[in-house]
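Engineer: Please find one structure pasted underneath; my questions will follow.
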Amino acid sequence: MSGVRVLVGTRKGAFILTSDGKRDDWTVDGPHFGGWEIYHLTGSPAEPDRLYASQSGGWFGQLIQRSDDGGRTWETVGNDFAYSGEVGQHLWYDGTPRPWEFKRIWHLEPSRHDPDTVYAGGEDAALYLTTDGAQKWSELTALRQHPTGPSWQPGAGGMCLHTILLDPADRDRIYVAISAAGAFRSDDAGASWLPINKGLRSGEIPDTDSEVGHCVHRLAQHPSRPDTLFMQKHWDVMRTDDAGANWREVSGDLPTDFGFPIAVHAHEPETIYVVPITSDSLHYPPEGKLRVYRSRTGGEHWEPLTEGLPQSHCYVNVLRDAMAVDTLDPCGVYFGTTGGQVYHSADGGDTWAPIVRDLPGVLSVEVQVLP
Amino acid sequence: MIRVVLPAHLKNLAHVTGEVRVEVAGPPTQREVLDALEAAYPMLLGTIRDRHSGKRRPFVRFYACELDLSNESPDDPLPEEVVAGKEPFIVLGAMAGG
Numbered sequence: 001m002s003g004v005r006v007l008v009g010t011r012k013g014a015f016i017l018t019s020d021g022k023r024d025d026w027t028v029d030g031p032h033f034g035g036w037e038i039y040h041l042t043g044s045p046a047e048p049d050r051l052y053a054s055q056s057g058g059w060f061g062q063l064i065q066r067s068d069d070g071g072r073t074w075e076t077v078g079n080d081f082a083y084s085g086e087v088g089q090h091l092w093y094d095g096t097p098r099p100w101e102f103k104r105i106w107h108l109e110p111s112r113h114d115p116d117t118v119y120a121g122g123e124d125a126a127l128y129l130t131t132d133g134a135q136k137w138s139e140l141t142a143l144r145q146h147p148t149g150p151s152w153q154p155g156a157g158g159m160c161l162h163t164i165l166l167d168p169a170d171r172d173r174i175y176v177a178i179s180a181a182g183a184f185r186s187d188d189a190g191a192s193w194l195p196i197n198k199g200l201r202s203g204e205i206p207d208t209d210s211e212v213g214h215c216v217h218r219l220a221q222h223p224s225r226p227d228t229l230f231m232q233k234h235w236d237v238m239r240t241d242d243a244g245a246n247w248r249e250v251s252g253d254l255p256t257d258f259g260f261p262i263a264v265h266a267h268e269p270e271t272i273y274v275v276p277i278t279s280d281s282l283h284y285p286p287e288g289k290l291r292v293y294r295s296r297t298g299g300e301h302w303e304p305l306t307e308g309l310p311q312s313h314c315y316v317n318v319l320r321d322a323m324a325v326d327t328l329d330p331c332g333v334y335f336g337t338t339g340g341q342v343y344h345s346a347d348g349g350d351t352w353a354p355i356v357r358d359l360p361g362v363l364s365v366e367v368q369v370l371p
Numbered sequence: 372m373i374r375v376v377l378p379a380h381l382k383n384l385a386h387v388t389g390e391v392r393v394e395v396a397g398p399p400t401q402r403e404v405l406d407a408l409e410a411a412y413p414m415l416l417g418t419i420r421d422r423h424s425g426k427r428r429p430f431v432r433f434y435a436c437e438l439d440l441s442n443e444s445p446d447d448p449l450p451e452e453v454v455a456g457k458e459p460f461i462v463l464g465a466m467a468g469g
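Each protein sequence line maps, in turn, to chains V and G.
Going by this note's numbering, the first residue of the first sequence is number 1, and it counts up by one from there.
Going by this note's numbering, the first residue of the second sequence is number 372, and it counts up by one from there.
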């Protein structure tokens, strides 16, 4: 029977949750790297026992860890994340120019084909690539040096490149999202970039239809529909069906369209999940009820999923990288909260149960299905 | 031989438990000691000093002989007691938080 491994990054270490394919009984292993912020912990689709972790902290900076045995042992690998060429400047919160300054890696995206090839998204926003298993990193400079770069500004969490989607159909196509610059697409493996923000309307910026400046929180894609992307923006849930050329809002009947994560069902490309959060100033669920919302129509029409989730006095948040799906049938859905709970559903969201309740605040959740 | 005390997180990272000892080629200075430390424990690269500027990370401090050497020149000689191995060169994470 297949096994499931859930990789959880938290504010105080990494945790690995394992179960068999039934997903009833779970083993919790950790903390790994106790006391460190693990912004992201993920595995290679090409070699599932190859794991990568982004380990960081205010005192001792950024490290990358690699495991070749599914997280039993780890090796500290390369952490030289340099801005190549002219560093340049972007806008600070107060509108003044400020040089790019590296702070951390938010997201690691391993290649579907090669366990040694990994993309990394940094703060201040930059995209890095390794092809030797994370020993050496090089910046794909065209993104940071895009002509709009000097006008990018950080979101409240920093100017982070937090989402990387490697197109399943076209190896040269990459999507990234940056808070608060927006979404970008490369059709030439990162050599050049196109802002893809047409149709996003953001009331937080003076020109609501600006080419850049949008606080995109997360992108999601189903492998069978590579030109369809779903987006949770600061406000608004959006979709595009032409690879980002045009976006349209699909928030529909959500109780609030503010939130962070968005995910697509593994087998139903029009079934998507979000976790509505009250507002940008109230980062907790409306009415203290933790509800995942599911749309089976690719947006617009949403249903609350509540069974097994706390429906009173719940004031946690779910961060942008903290939701994932597995590829079993029925599809499993997982998310972690800032309160340290990791919830899962083994039936596509109909019912939920906690795997573990009292971890440090969860920053990221990934899922692997093991043979 | 210079004795170096690392903070807990860096001991874990370097897979050491007690003090570490490093040998420096020239006159012992902060720079020489940290170069030798990073050569012996490359996983510490970037955790004490910025990899590019070489500057001490803001929340890292250097103490020895009851002195705060954090803002001394990295090329100043270390105290005699540290050079003689009587006292350790202490790397620590500054108190912060709430």
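All residues carry an ideal CB built from backbone N, CA and C; glycine is no exception.
Which of helix, strand or coil does DSSP assign to proline 150(V)?
Structural biologist: Proline 150(V): helix per DSSP, three-state reduction.
Engineer: Residues of chain V with CB closer than 8 Å to the CB of arginine 428(G), please, in chain order.
Structural biologist: Per Cβ cutoff of 8 Å: Trp59, Phe60 and Gly61.
Engineer: Is it the case that the Cβ atoms of histidine 90(V) and glutamine 145(V) are separated by a distance below 9 Å?
Structural biologist: No, the pair does not count as a contact, with Cβ atoms beyond the cut-off.
Engineer: Check whether the Cβ of threonine 18(V) sits closer than 8 Å to any heavy atom of the ligand GDP, and report yes or no.
Structural biologist: Among the ligands in the structure shown, none appear at all, so the ligand GDP cannot be discussed.
Engineer: What's the C-alpha gap between arginine 357(V) and proline 310(V)?
Structural biologist: Rounded to whole angstroms, arginine 357(V) to proline 310(V) spans 12 Å at the Cα level.
Engineer: For glycine 469(G), which of helix, strand or coil comes out of DSSP?
Structural biologist: Residue placement at glycine 469(G) is flagged as unreliable, the pLDDT there being 48, under the threshold of 50; the coordinate-derived value follows with that caveat. Three-state DSSP puts glycine 469(G) in coil, outside helix and strand.
Engineer: Within a Cβ cutoff of 6 Å, which residues of the same chain sit near glutamate 303(V), ignoring the five residues on either side of it in sequence?
Structural biologist: Correct list, in chain order: Arg294.
Engineer: Going by DSSP, which residues form a beta bridge with cysteine 160(V)?
Structural biologist: Paired residues: Glu123(V) and Ser179(V).
Engineer: Kindly indicate the opening and closing residues of the beta strand (DSSP E) around threonine 422(V).
Structural biologist: Since the displayed chain V opens at 1 and closes at 371, residue 422(V) lies outside it and no answer follows.
Engineer: Touching or not, the stretch 41-55 of chain V and the stretch 114-127 of chain V, by the rule of three or more beta carbon pairs under 8 Å?
Structural biologist: Verdict: yes, contact present.
Engineer: Does any C-beta atom of chain G lie closer than 9 Å to the C-beta of asparagine 79(V)?
Structural biologist: Interface residue, yes.
Engineer: What would DSSP say about glycine 30(V), mapped onto helix, strand or coil?
Structural biologist: In this structure, glycine 30(V) counts as strand in the three-state DSSP scheme.
Engineer: If you count every other CB in all the chains shown that lies within 10 Å of the CB of aspartate 167(V), and 16 or more means buried, which is it?
Structural biologist: By the neighbour-count rule (16 or more Cβ atoms within 10 Å), aspartate 167(V) is buried.
Engineer: Anything in the stretch 78-108 of chain V with a Cβ closer than 7 Å to a Cβ of chain G? List those residues in chain order, please.
Structural biologist: For the stretch 78-108 of chain V, which is checked against every Cβ of chain G, the residues closer than 7 Å are Asn79, Asp80 and Ala82.
Engineer: Reducing DSSP to helix, strand and coil, say where leucine 7(V) ends up.
Structural biologist: Looking at leucine 7(V) - three-state DSSP - the assignment turns out to be strand.
Engineer: Do tyrosine 273(V) and valine 325(V) have their CB atoms nearer than 9 Å?
Structural biologist: In this structure, valine 325(V) lies closer than 9 Å to tyrosine 273(V) by Cβ.
Engineer: On the CB-based measure, 16 or more other CB atoms within 10 Å of its CB, does aspartate 307(V) come out buried or exposed?
Structural biologist: Inspection of the sequence shows that residue 307(V) is occupied by glutamate rather than by aspartate. The residue in question, glutamate 307(V), is exposed, as its Cβ has fewer than 16 Cβ neighbours within 10 Å.
Engineer: Sort Gln401(G), Pro429(G) and His386(G) by Cα distance to phenylalanine 460(G) and report the nearest one.
Structural biologist: Cα-wise, what sits closest to phenylalanine 460(G) is Gln401(G).
Engineer: Leaving aside the five residues before and after proline 450(G) along the sequence, list all residues of the same chain whose C-beta is less than 6 Å from its C-beta, in chain order.
Structural biologist: Cβ neighbours of proline 450(G) beyond the five flanking positions: Ala435 and Cys436.
Engineer: Residues in the same chain with beta-carbon distance under 7 Å from aspartate 253(V), minus the five sequence neighbours each way, listed in chain order, please.
Structural biologist: Excluding residues within five positions, the ones whose Cβ falls inside 7 Å are His301 and Trp302.
Engineer: Under three-state DSSP, which class holds leucine 41(V)?
Structural biologist: Strand.
Engineer: Give, in chain order, every residue of the stretch 419-449 of chain G whose Cβ lies closer than 7 Å to some Cβ of chain V.
Structural biologist: Within the stretch 419-449 of chain G, the residues whose Cβ lies closer than 7 Å to some Cβ of chain V are Arg422, His423, Arg428, Phe430 and Val431, listed in chain order.
Engineer: If you drop the 5 nearest sequence neighbours on each side, which residues of the same chain put their C-beta closer than 8 Å to that of methionine 159(V)?
Structural biologist: These residues qualify, in order along the chain: His90, Glu123, Asp124, Ala125, Trp152, Gln153, Ile178, Ser179, Ala180 and Ala181.
Engineer: Going by alpha carbons, who is nearest to glutamate 443(G) out of Lys382(G), Val453(G) and Arg427(G)?
Structural biologist: Residue Arg427(G) is the option with its Cα nearest to glutamate 443(G).
Engineer: CA-CA distance, leucine 319(V) and threonine 338(V)?
Structural biologist: Each residue's Cα considered, the two are about 7 Å apart.
Engineer: Please classify arginine 218(V): is it buried, with 16 or more other beta-carbons within 10 angstroms of its beta-carbon, or exposed?
Structural biologist: Buried, since its Cβ has 16 or more Cβ neighbours within 10 Å.
Engineer: Counting contacts by CB-CB distance shorter than 9 Å, is leucine 408(G) in contact with chain V?
Structural biologist: No, its Cβ sits nowhere closer than 9 Å to a Cβ of chain V.
Engineer: Measure from the C-beta of tryptophan 235(V) to each C-beta in chain G and report whether the shortest distance is under 9 Å.
Structural biologist: Cβ-Cβ to chain G under 9 Å: no for tryptophan 235(V).
Engineer: Is valine 250(V) closer than 9 Å to glycine 203(V) when the C-beta atoms are compared?
Structural biologist: Taking 9 Å as the Cβ cut-off, glycine 203(V) and valine 250(V) do not qualify as a contacting pair.
Engineer: So with CB distances below 8 Å, who are the chain V contacts of methionine 372(G)?
Structural biologist: Ordered by position in chain V, no residue passes the 8 Å Cβ test against methionine 372(G), which lies about 25 Å from the chain.
Engineer: According to DSSP, simplified to helix, strand and coil, what is glycine 336(V)?
Structural biologist: Three-state DSSP puts glycine 336(V) in a strand.
Engineer: Check histidine 107(V) in the structure and name its three-state DSSP category.
Structural biologist: Three-state result, histidine 107(V): strand.
Engineer: So with Cβ pairs under 9 Å, would you call isoleucine 355(V) a contact of chain G?
Structural biologist: So, not an interface residue.
Engineer: Can you say whether alanine 14(V) is buried or exposed, counting buried as having 16 or more other CB atoms within 10 angstroms of its CB?
Structural biologist: Buried, because 16 or more other Cβ atoms sit within 10 Å of the Cβ of alanine 14(V).
Engineer: At what residues does the beta strand (DSSP E) containing glutamate 75(V) begin and finish?
Structural biologist: Note, glutamate 75(V): beta strand (DSSP E), 75-77.
Engineer: By the 10 Å Cβ neighbour count, where 16 or more other Cβ atoms means buried, how is asparagine 246(V) classified, buried or exposed?
Structural biologist: It is exposed - the Cβ of asparagine 246(V) has fewer than 16 other Cβ atoms within 10 Å.
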